[in-house]
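No gaps in the numbering here: position 503 of the sequence shown is 502 in numbering that gives the first Met the number 0, and each next residue is one more.
Data first, discussion second: the structure below is written as structure tokens.
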Amino acid sequence: MTSQELAGEAKAGNAARELLVIPGMKALFRALPLWLLLGSLAWLLATAWDADMTQPLTIGGLFVLPSLAVWLTAKTAAKLPVRWAWRVAFWALTISGWATLLVIAQGRAESHPSEWRNLLLGFGLAGCTALWLPVGMRSLLTWRTIGEATAVAATIAFSSGVFLWSYEAGTHSFAAQAEARWTEIGLPMMELEKTFVLGRENDGSEVVRQVFRERVGSHFYKEGTRAAEREPVITRSEEVEQAIKRAIDIQSAILPPSDDFELPPKSVAGFEPLGPVLEADYRRILAAAPPAWASDPRDGWSINVPNFLAIRQFSQITAAEAVRRLSVGDQEGAARALAAGLHLREGLRQNPTLVSLMLDVAVDSLLSAKKVRLPAEEDGLQSIAQDAISLRAELLKRLQLEGWLCLRFPDQFVENEPTAHFQIRCLPKWARQALARPWVRRQCALAALNGAEQAVIRKSPATLSLPDLGESLHEVVSEAHPSVMEFNITRAALRIHATLLLREQTELIRDARARLAAGRPVESRDSVVLPHLRWELTADAEKGTVRTRLVGAPEWIVKNEVTGPDFWVLPLDGSVAWQFHLPSRTTSRF
């Protein structure tokens, strides 16, 4: 074959390729306005969520643009090139664009009732246009066009189904790994289930229920639980609102580091009339068993839980009343108020939920700090050491329960509120639920798997000696399999140990008071909470003062990562001394 013949064949091949490419490029340029219009409409409906789309100009756009998109679809489809790849690409993008637009439009119509008629009319006109166009463009509805569009739509649906199936298979794999890992570390879920018992109310429950109703105008159970629905309707009075506000003002007041202090007369005058009724409440609470809340772990995430807000508010009232009594020298009355508040929160540990345990710790830190001005207890430090062991075990148990709930009840997150953990508000309810269910299952499985690894960290005695109490180890676990459902075990552990150290500091100050009064030396000692730390106490018998310095305090304590600036009774660097009043003065007035 001569060179001229070869050149001729090359030119013919290039020409043939150009015949295929140029029509495809033309089809692409024809389709671009359509895709831009579909994308712009979807973007507008999705992003302008808080905008008012009932204005005349906007309504006109809603009426015209969908019909224009239908016309562009028809015009482009009628002039598609012969090449199969170009036609499939066009229908895949176009069908996906229309499906996205219609779904978002339905979501907006559900969430914006004032706009649903306009949206219905706009897309109704588009539908009429779609029905009319085949009459005006007879070449549009060919069997080839119908077959291609149907095949591409079916392929998209099939591919989505395959993706969902593979996604669910991966979720089942993560869940199986989590179950096996919990068993491997000695905490099998089957054994946990055998420990479940029904929580039942007791005589203390009825006492506290009445106290909550009268003092804070609240139910015994958290609003939204089945148990709360059976309680009578309660309307909080203005008097109760004012009492809670005054209590917060009193208990959050910045007091001097001294046995002697004064409160603003206005605050005391507004709160003092509650003294007699609160005294009666405290005696009734102490005379009964710690309240118990009915619960069943097998209810999953819908388990009945205490009214945490009511407990918090009553604790604030109790703390304020204790401070008020201490300000007038009534140590006995203050001790009774604090004892009643701590007695009430003891029942929180009987509820198996993590939030109940953390509220127990929060109330403990709120009330125990107020005991700094009371006489020392004989077994104060021993009690703190025992609580440290108990709370670590309880935290591990709650962590395992969280993992169990994630493995057994992932669908409960979307049964009552399908969008609670999948906030794509531009989608209609059915779409959000369809997307949320597999997504939440995956998040729960990953959380359960991470929980097992976190349990290993928390079980290790070496974790207590780490400067960050294991925070960096937990971060490695969380980064391996991120999950929004994962429990923040590090922050909970830090908060628990900070509260225990606060109680220890309080008890050491109380003990120093007793030692100075008895003429005995005040000694430094190792912490009973974190043994690698040491409390250095410096006392001045003549001035009646003591300073506390936490030697070896880790960075998370120094930087107050889980505590406020006024969390500690005294600064942990020993810069401020506590001033005792010797001898102590006591009265019995309310």
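Note that beta-carbon positions come from the ideal geometry of N, C-alpha and C, so glycine has one too.
From a predicted model like this one, the values you see are computed outputs, not experimental measurements.
>> Tell me which residue opens and which closes the beta strand (DSSP E) that SER574 is part of.
In response: 572-578
> Start and end of the alpha helix (DSSP H) containing ARG603?
Replying inline: Past the boundaries of the shown model lies residue 603; the chain is included only from 0 to 589, so the question cannot be answered.
> Looking only at its own chain, which residues have a Cβ that is under 8 Å from the Cβ of ASN306, when we skip the five neighbours before and after it?
Replying inline: PHE211, SER217, HIS218, PHE219, TYR220, LYS221, GLU222, ALA227
>> Which of the three DSSP states is assigned to GLY216 in this structure?
In response: coil
> For GLN590, is the classification buried or exposed, using 16 other Cβ atoms within 10 angstroms of its Cβ as the cut-off for buried?
Replying inline: The displayed coordinates of the chain run from 0 to 589. Any statement about residue 590 would go beyond what the structure contains.
>> With three or more beta-carbon pairs closer than 8 Å as the criterion, would you say the region 343-351 touches the region 268-281?
In response: no
> Which of helix, strand or coil does DSSP assign to VAL69?
Replying inline: helix
> Name the DSSP bridge partner or partners of THR544?
Replying inline: ASP539, GLN578
>> Taking 6 Å as the limit between beta carbons, can you name the residues of its chain near ALA447, skipping five residues before and five after?
In response: ALA177, GLY402, CYS405, LEU406
> So, helix, strand or coil for ASP525, using DSSP?
Replying inline: strand
> Which one of ARG397, PRO296, VAL69 has the shortest CA to CA distance from ILE94?
Replying inline: VAL69
> ALA590: buried (16+ other C-beta within 10 angstroms of its C-beta) or exposed?
Replying inline: Nothing can be reported for residue 590, as the shown portion of the chain is limited to 0 through 589.
>> Along the chain, where does the alpha helix (DSSP H) containing THR99 start, and where does it finish?
In response: 83-110
> CA-CA distance, VAL206 and ALA491?
Replying inline: 30 Å
> Are the beta-carbon atoms belonging to ALA287 and VAL215 less than 7 Å from one another?
Replying inline: no
>> For ALA384, which residues in the same chain have their Cβ closer than 6 Å to its Cβ, ignoring the five residues on either side in sequence?
In response: VAL527
> Whose C-alpha, out of ASP359, ALA108, THR72, SER294, is nearest the C-alpha of ARG61?
Replying inline: Note that residue 61 is Leu in the sequence shown, not Arg. Residue ALA108 is the option with its Cα nearest to LEU61.
>> Going by the DSSP bridge assignment, what does ARG533 pair with across the sheet?
In response: ASP525, VAL550
> Touch check for the region 312-327 and the region 362-377: three-plus C-beta pairs under 8 Å?
Replying inline: yes
> Going by the CB atoms, is the gap between SER364 and THR498 shorter than 7 Å?
Replying inline: yes
> When you compare each of ILE495, GLN105, LEU445 to LEU120 by their alpha carbons, which one comes out closest?
Replying inline: GLN105
>> Let me confirm a value: TYR166 is counted as buried when at least 16 other C-beta atoms fall within 10 Å, else exposed. Which label applies?
In response: exposed
>> Measuring straight from C-alpha to C-alpha, what distance separates GLY518 and ASP539?
In response: 11 Å
> Whose C-alpha, out of ARG229, GLN54, GLU320, is nearest the C-alpha of ALA252?
Replying inline: GLU320
>> I'd like to check one pair, GLN411 with TRP577: are the Cβ atoms closer than 7 Å?
In response: no
> Which first and last residues belong to the alpha helix (DSSP H) in which MET484 is found?
Replying inline: Here MET484 belongs to no alpha helix (DSSP H), and DSSP marks it neither H nor E.
> Helix, strand or coil: how does DSSP classify SER257 here?
Replying inline: strand
> What does a CB cutoff of less than 6 Å around ASP295 pick up in its chain, not counting 5 residues either side in sequence?
Replying inline: LEU197
> Looking only at C-alpha atoms, which of ASP329, ALA318, ALA444, ARG225 sits nearest to ALA599?
Replying inline: Residue 599 lies beyond the range of the chain shown here (0 to 589); nothing can be said about it.
> Tell me the DSSP bridge mates of PRO305?
Replying inline: TYR220
> Which residues share a DSSP beta bridge with GLY198?
Replying inline: SER294
>> Suppose the cutoff is 6 Å on Cβ atoms and the five residues either side in sequence are ignored; what does the same chain contact list for THR418 look like?
In response: For THR418, the pLDDT reaches just 47, beneath the cut-off of 50, and the residue's location in the model is therefore unreliable, although a value from the coordinates is still provided. Same-chain partners within the cutoff: ARG431.
>> Measuring only the C-alpha atoms, how far is SER477 from ASN449?
In response: 7 Å
>> Rounding to the nearest angstrom, what Cα-Cα distance links ASP565 and LYS396 in this structure?
In response: 31 Å
> Thinking just about the alpha-carbon of each residue, which of THR72, ASN487, GLY573 is nearest to the one in VAL354?
Replying inline: ASN487
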